[in-house]
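A short write-up of the structure that comes next.
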Amino acid sequence: MAQATGTATMRAMVFEQVGQPLRAVEVPIPRPAPGQLLLRVQACGVCRTDLHLLDGEVEIAAPPRILGHQIVGTVLPSGRAGGDGDSQGDRRVGVPWLGWTCGECVYCRSGRENLCPNARFTGRDLDGGMAEYAVADARYCFALPESYPSEQAAPLLCAGLIGYRALRMCGPARRLGLYGFGAAAHILAQLARWQERLVFAFTRSGDEAAQGFARELGAVWAGGSEDLPPEPLDAAIIFAPVGSLVPLALRALAPGGTVVCGGIHMSDIPSFPYSSLWEERAVRSVANLTRRDAEEMLALAPQVPVRTRVHTYALQDAGMALEDLRAGRFTGAAVIVP
Ligand SMILES: [Zn+2]
Ligand SMILES: [Zn+2]
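One rule links them: number in the working numbering = place in the sequence shown (from 1) + 71.
Given below as structure tokens:
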């Protein structure tokens with residue numbers, strides 16, 4: 072077939088180097104390798120990790136790189152990109168941060184592929200979804216609940232999945248603190264409440280918008296990060312990339328409680344008295360996700376049902392979406408719609 076797909080191009084937003092904004096470029100539409108799917112991107116969520124990548128706090132080893140790791144796309148017959156009505160069949164999938172694992176290391180073989188040292192991450196090691204098309208390993212493409220429009224589904228793919236993994240680390244904790252009430256917390260609050268947990272939301276002090284949003288989503292209490300909750304917490308998840316929240320969250324815990332750090336990067340944690348950790352309190356991090364996390368969370372979300380609040384941006388405005396996220400200019404999650 073003389074369908075010159077090799078020369079067809081697409082618009083994409085690429086990271087070139089630390090300290091520079093994303094650049095709008097025209098690049099060839101990627102060709103799927105064996106085992107990969109070619110996707111027409113319908114929506115791509117923006118994540119705080121994208122800011123860490125932009126700022127060099129998490130390294131992109133081989134730029135230029137198309138960012139975006141919460142991709143909702145329709146599967147195209149390979150080589151059919153660029154045509155009219157090219158999403159025939161309309162099979163829709165979601166692609167998360169974990170884009171490839173080796174399947175052979177000790178972590179992969181013990182249900183901990185999230186820790187695979189050979190893993191490749193979407194939008195960091197592999198081109199992501201801030202583009203009109205993307206390719207992804209079929210093993211890491213997940214069916215999405217049909218009840219979600221694409222832009223509503225996108226935030227489930229990182230904020231939702233890694234948030235869900237963080238919640239699993241909290242065990243049966245009934246009184247749950249969420250520090251930083253952004254994309255992940257707004258999803259988790261709904262899930263946690265459905266699980267009959269009590270949600271306590273902590274935001275920057277005086278952030279009435281975020282605290283009101285948290286109460287709207289069922290938080291029994293919302294206040295500033297420096298405040299103590301009205302009763303001690305059984306677990307707390309920290310989503311804000313702020314190390315000084317760790318001792319604050321520990322101080323809010325009941326004996327035996329756990330603080331889970333949910334982000335990929337955090338500023339240094341200040342020292343704190345041993346008495347804050349005493350009585351079997353624990354501090355731990357959550358890294359990435361496994362396919363099991365994805366399957367479980369994507370099955371749970373429509374049961375709750377989790378409703379995501381999204382702010383959509385055009386592809387060329389991805390840089391603006393990132394700066395709005397940095398400045399806290401919206402509640403909920405930002406999503407790029409190419
Ligand atoms: Zn993310
Ligand atoms: Zn591995």
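We put the beta carbon where it would ideally sit given N, CA and C, even for glycine.
query	result
Identify which residue in 323, 376, 135, 356 has its Cα closest to the Cα of residue 248.	323
Compute the Euclidean distance between the alpha carbons of residue 76 and residue 168, then round it to the nearest angstrom.	Note that residue 76 has pLDDT 47, beneath the 50 cutoff, so the model's placement of it is unreliable and the number below is only indicative. Cα-Cα distance, rounded: 27 Å.
Under a criterion of Cβ closer than 7 Å to any non-hydrogen atom of ligand 2, which residues qualify, in chain order?	172, 173, 174, 175, 176, 178, 179, 184, 187, 188, 189, 190
Since I believe residue 189 is in contact with residue 212 (beta carbons under 8 Å), could you give me their beta-carbon distance rounded to a whole number of angstroms?	Actually they do not touch by this definition, with Cβ atoms about 20 Å apart.
Please confirm whether residue 234 and residue 269 have their CB atoms less than 7 Å apart.	no
What is the DSSP secondary structure of residue 284, counted as helix, strand or coil?	helix
CA-CA distance, residue 395 and residue 404?	10 Å
With a cut-off of 8 Å on the beta carbons, I'd call residue 210 and residue 124 a contact; round off their distance for me.	The Cβ separation is near 24 Å, so there is no contact.
Which of helix, strand or coil does DSSP assign to residue 223?	helix
Inspect the beta-carbon positions of residue 141 and residue 170 and report whether they are closer than 7 Å.	no
Confirm the yes/no value for this check: CB of residue 120, any heavy atom of ligand 1, distance under 6 Å.	yes
With DSSP collapsed to three states, give me the class of residue 278.	coil
Residue 84 bridges to which residues according to DSSP?	95
Using a 10 Å radius around the Cβ and a threshold of 16 neighbouring Cβ atoms, would you call residue 114 buried or exposed?	buried
Can you give me the C-alpha to C-alpha distance between residue 155 and residue 216, rounded to a whole angstrom?	The pLDDT assigned to residue 155 is 47, lower than 50, so where the model puts this residue is not dependable; a value taken from the coordinates is nonetheless given after this. Their backbone Cα atoms lie some 26 Å apart in a straight line.
Please indicate yes or no: does the CB of residue 229 lie closer than 6 Å to some heavy atom of ligand 1?	yes
Taking 7 Å as the cut-off, decide whether the C-beta atoms of residue 222 and residue 406 are in contact.	yes
In the DSSP output, which residue or residues are listed as bridge partners for residue 144?	112, 164
Figure out for me which residue from 391, 86, 273 has the closest Cα to the Cα of residue 198.	86
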